[in-house]
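Residue numbers (the working numbering): 129 to 395.
Cβ coordinates follow ideal geometry from the N, Cα and C atoms, glycine included.
Step one of this worksheet: look at the structure below.
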Amino acid sequence: MPELPEVETIRRELEPHVVGRSVSGLEFNWEGIVRRASLEEFSSRLIGQRIIGLGRRGKYLIFRLSSGQALIIHLKMTGSLWLKDPEKFVRAIIHLDDGTNIYFRDPRKFGIMWLTDDEESVGGKLGPEALGKGFTAKVLAAKLKSRTAPIKALLCDQGLVAGIGNMYADEALFLAKIHPLRAGGSLTEEEVKRLHKAIQRVLRVGINDKGASTDTYFRPSGQPGTAHWRFRVAHRRGENCPLCGTPLERIPVRHRGSYFCPKCQKA
Ligand SMILES: [Zn+2]
């Protein structure tokens with residue numbers, strides 16, 4: 129699933145192609161991609177609008193429109209936005225007035241888009257941005273206080289902090305040497321500080337490497353990202369810990385596979 133580094137990479141690479149352009153047409157191959165409106169209503173509201181900015185909140189992409197409305201896109205499990213025709217799995221195409229086309233590629237069809245008058249209604253349910261000024265070690269400590277859920281599950285909870293998913297949670301916990309099943313509230317002040325630093329580090333490195341193409345994520349150019357080359361535990365099934373050589377383990381935490389080193393990240 130695209131996480132903060134993947135969505136931010138898409139935002140940065142699409143931005144110069146879309147800002148200042150108007151939507152001139154829409155095509156759909158999968159009607160379930162539009163929420164909260166019929167395809168006709170969605171099209172008639174969106175066509176003709178100018179895109180004045182491209183933002184991101186957590187894993188949501190926000191196309192700000194001249195009317196004050198916003199087109200929100202969530203790529204969910206397998207979505208990506210392409211500037212060239214990916215040929216397969218195209219569920220929608222957004223045509224712009226200069227001939228640019230944005231192809232919504234989505235093999236598993238979980239991706240969604242909708243129009244809203246109030247983009248805050250997206251942000252309202254989300255915790256602070258993982259790379260934002262509002263997310264400090266102190267804020268993280270307050271949010272974890274007396275929580276009994278596994279730290280891995282808490283990091284993936286978008287209401288606690290926005291942008292982190294399975295891959296970067298595993299990487300951050302490895303870097304901070306914290307076992308994924310530790311109760312959130314059991315972390316010491318020192319561990320919380322380490323974890324906060326680790327979260328911001330893995331996300332920044334992930335953005336620099338243009339996201340992780342472990343599965344179905346691609347950049348708008350159709351090229352893969354390279355962040356997964358640097359992963360030390362995430363998706364490293366059957367490999368050994370890069371620090372101590374112990375075989376990595378994979379356990380389910382709230383139904384998600386979590387990779388960790390049983391020696392470096394003690395229970
Ligand atoms: Zn290890």
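Between residue 326 and the set 302, 369, 278 and 336, the nearest pair of CA atoms involves 302. Under the Cβ criterion (8 Å, minimum of three pairs), the stretch 261 to 268 does not count as touching the stretch 373 to 380.
Taking residue 202 as the centre and dropping the five residues before and after it, the same chain places the C-beta of 187, 188, 189, 239, 240 and 241 closer than 8 Å to its C-beta, in chain order.
By alpha-carbon distance to residue 151, the top candidate from 250, 317, 178 and 140 is 178.
Taking residue 197 as the centre and dropping the five residues before and after it, the same chain places the C-beta of 243 and 245 closer than 6 Å to its C-beta, in chain order. Within a 10 Å sphere around the beta-carbon of residue 226 sit fewer than 16 other beta-carbons, which makes this residue exposed. Assigned with DSSP and collapsed to three states, residue 210 falls in strand. In the DSSP assignment, residue 386 falls within the unbroken beta strand (DSSP E) covering 384 to 388. In summary, residue 210 is buried, with 16 or more beta-carbon neighbours lying within 10 Å of its beta-carbon over all protein chains present.
Any heavy atom of ligand 1 counts here; residues with a Cβ closer than 6 Å to one of them, in chain order, are 369, 371, 372, 374, 389, 391 and 392.
If you look at residue 295, you'll find it in the alpha helix (DSSP H) that goes 294 to 303.
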